[in-house]
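The opening position of the sequence shown corresponds to residue 1 in the UniProt record's numbering, with each subsequent residue numbered one higher. Every residue gets a Cβ at the ideal spot worked out from N, C-alpha and C, and that includes glycine.
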Amino acid sequence: MNFLRNFHYIVSDQEQSFDEKIESLLKFGLEVFDLDIAIISEIINNQYIVRYVITPDNSLAVGTIFEVAGTYCTHTLAASKALAFHQASTSHIAHHPCYVNFQLESYIGAPIKIGEVVFGTVNFSSPNPSTPFTQQAHDYVELFSQWLGSEFARIKANEQLLKNNNTLVKLESIANIGSWEVDLLTEKVTWSDQTRRIYQVDDSFVPDLSSAISFFKEGESRERITQAVESGMQTGEKWHLDLELVTALNQTIWVSAFGEAEFVDGSCVRLFGTLQDVTESVVLREQLKNKKAQAERMLEDRSMLLAKISHELRTPLNGITGMLTTLLDEQRAEKRVEKLTVALRSADILLNIINEVLDFSKINHGELKLEPNHFLLKTIFVDLASLYIPLFKDKNIDFNTQITIADDCWAHCDNTRLSQIVSNLLSNALKFTDAGQVNFQANVAQLNNQLALQLVVSDTGTGMTKPFLDSLFSPFTQEIDAKGSKGGTGLGLAIVKELIDYMGGTIKVDSIFQQGTTFILDIPLAIGTVQVETNQRARVAVDGSHLSVLVVDDNQINRFVLDASLEKLHIKADFAVDGEDAILKCKQSKYDLIFMDCVMPQLDGLEATKILRTENICSHDDTLIVALTANTSATDKLACKQAGMDMFISKPFKLHLIEEAVGIVVTKLCKRNN
């Protein structure tokens, strides 16, 4: 990532002084956050002292003092972490003295700490509002503050060391810097107490030049210090090296070794210098490198995902747009049905791709959550088998099922994800098998108060090579089908593996190239509680012609699609373009049913529903409010329920769900009239 690369380049540039590095960092920060003002402050006795500053017009001088309470940094210090405002005038700090006096709209800053003591802050601001600051931006400003704190600590220690030699021992301990000296005339080596602590030797240890060098880790570190000492003795060249050292207690640490030689009459008579334990800063630097590498890998994965998805989306989109375009002039009824079928199938493929991308994104960010419920275990696999029987029949492939699960076996887990796992494996078997058979087995046993589910999917398809098998569950890995072509996003099996891991299960694969593949899954499930089952509403023609219905959606196409669906149920709906419009219409007319989009400008669906319910404009008894949204997580569903909505339908919706909502209202009105 460019940020980490540029940051590392600035802080590791040996040709720049500390002040030059700070100026470069502040300029870099202004570019990164797209702001105008950069300040490094020192806090002394509740006073905010400007130590380094960059402004567009140089109007703020170094040394300017403010009261801490009059700056935004008072909030940063109270939070003790990075803090940001992107538009102060609309936030809770609109009356803060800093906004009143300086009209600073946007701000991001972090405290600078030396150990546990707050030195001051590093902050960036602007009189113009900015886009909301991301978590990544918070991480960046925290990185600035950590480096500054470390450098201020080092400089402070070094300055104190130079100012007062009488406090050398104390300062060595604080700064973890030890001194050493080698008298080449007497061959006596002298270590300060702190140097001994760094080497972790006891008081009785008597060092010499050879033993001192032997502590440096064998290999590059020892070779470099040996070469530096020899060169110093011959030419007087100073050295300053970061090296690995193995202490007397066999602990490997990083030290910053500084040394120089003293000459008398052209002969080297003395070597002296310092040794500082810099393990923490080196570890921080390595962490920075690792974060950089990780960020670059994530960027590469993201680029690969975008490239792959943009490619895969074109096929179903071509199917949808192509079929719909030719329908405009199609007069033959059978051809219209055929083309509509292709368009709908393409839409299903498009939805599957989108769902896979969303699942992969949730897994990548650690946001995937299982939603367990109680259900009859056997029904999952019976329903899936019945769904795939005609698909295998169309390819003339024998589909054999063996489901040895009791009819009354209740399980408690995420049945949707369990179905997704099996469906993915059966779809792969269907895709990569051109002749022969596919076998599906499901059996369960009860062990230690839980269910042990085993699933087996085997086929006589193309099989896989050993190299391909080793990377099977990696994202973007694609198998070649029986016709020698690739297809799909390459995310399916990666998601399957993650889901099984989430459930605490295992998946094993045996495959022989050109002979077939077998997947064996073992998944532990909690024993479910018997639920009272309600009979599903029979599919009958629903007539909603006598209903008063309101559709609330800011998107014209979404309104058009729902209107067309409601027309099939003999409903002529009213429409609102946002939450405020919906409230106004509900005050003017009474509605039996409201389809409410959740994400809209002005006033969203959640807030609109809360107002309709709390102000008794639409009571639960009089009006059924159905959430109709593309946000489908458990958190979104809970938010809809808490807002006062009665049902949740995800986009793109299926017509039978609209029928179900209308049917509920029709049934309720019939009961009320009777």
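Query, Result
"Length of the line joining the Cα atoms of residue 136 and residue 82", "11 Å"
"Meets three-Cβ-pair contact criterion under 8 Å: the segment 128-146 and the segment 50-62", "no"
"Cβ contact (3+ pairs, closer than 8 Å) linking the segment 545-554 and the segment 395-403", "no"
"Residue 4 to residue 579 span [Cα, whole Å]", "43 Å"
"Reduced DSSP category for residue 256 - H, G, I as helix; E, B as strand; rest coil", "strand"
"Anticipated Cβ contact below 8 Å, residue 225 with residue 241, distance rounded", "7 Å"
"Whole-angstrom C-beta distance between residue 465 and residue 513, which should lie under 8 Å", "5 Å"
"Where the beta strand (DSSP E) containing residue 412 begins and where it ends", "410-413"
"Bounding residues of the beta strand (DSSP E) (the contiguous stretch that carries residue 122)", "117-126"
"N-terminal and C-terminal residue of the alpha helix (DSSP H) that residue 677 is part of", "Within the shown structure, residues of the chain are numbered from 1 to 674, placing residue 677 beyond reach of any answer."
"The segment 261-272 contacting the segment 224-239, beta-carbon criterion three pairs below 8 Å", "yes"
"Reduced DSSP secondary structure (H/G/I, E/B, other) of residue 268", "strand"
"Proximity of residue 405 and residue 373 at Cβ, strictly below 8 Å", "no"
"Opposing strand residues paired with residue 109 [DSSP bridges]", "83 and 123"
"Buried versus exposed call for residue 165 [16 or more other C-beta atoms within 10 Å across all chains shown]", "Here the model assigns residue 165 a pLDDT of 49, short of 50, so the residue's position is not dependable, and the following value carries that caveat. It is exposed - the Cβ of residue 165 has fewer than 16 other Cβ atoms within 10 Å."
"Which of helix, strand or coil DSSP assigns to residue 629", "strand"
"Span of the alpha helix (DSSP H) around residue 502", "492-502"
"Test item: CB-CB of residue 554 and residue 596 under 8 Å", "no"
"Cβ neighbour criterion (16 or more within 10 Å) applied to residue 92", "exposed"
"Spatial distance of residue 520 from residue 506 (CA atoms)", "8 Å"
"Span separating the alpha-carbon of residue 484 from that of residue 380", "Unreliable placement is indicated for residue 484, whose pLDDT of 42 sits below 50; the coordinate value is still reported in the next sentence. Each residue's Cα considered, the two are about 32 Å apart."
"CB contact flag (residue 570, residue 544, <8 Å)", "yes"
"Buried or exposed (CB count within 10 angstroms, at least 16 for buried), residue 80", "exposed"
"Classification of residue 446 by the beta-carbon crowding that lies within 10 angstroms, buried from 16 upward", "exposed"
"Span separating the alpha-carbon of residue 274 from that of residue 473", "52 Å"
"Best match in 412, 287 and 184 for proximity to residue 531 [C-alpha to C-alpha]", "412"
"For residue 508: DSSP bridge partner residues", "520"
"Contacts around residue 703, its chain only, beta-carbon distance under 7 Å, and the 5 residues preceding and following it disregarded", "Residue 703 falls outside the range modelled here, since the chain spans only 1 to 674, and no answer is possible."
"Cβ distance (whole Å) where residue 108 is taken to contact residue 33 below 8 Å", "6 Å"
"Extent of the continuous beta strand (DSSP E) run through residue 723", "As displayed, the chain neither begins before 1 nor continues past 674, which places residue 723 out of reach and without an answer."
"Identity of the residue in 382, 431 and 378 nearest residue 391 by Cα", "431"
"The beta strand (DSSP E) enclosing residue 225, as first and last residue numbers", "Residue 225 -> not in any beta strand (DSSP E); alpha helix (DSSP H) instead, spanning 220-235."
"Coil, strand or helix - residue 479 by DSSP", "Reliability fails at residue 479, whose pLDDT of 48 lies under 50, so the model's placement of it is uncertain and the value that follows must be treated cautiously. Residue 479: coil per DSSP, three-state reduction."
"8 Å CB neighbourhood of residue 6 in its chain, flanking five on each side removed", "28"
"Cβ contact (3+ pairs, closer than 8 Å) linking the segment 613-624 and the segment 636-647", "yes"
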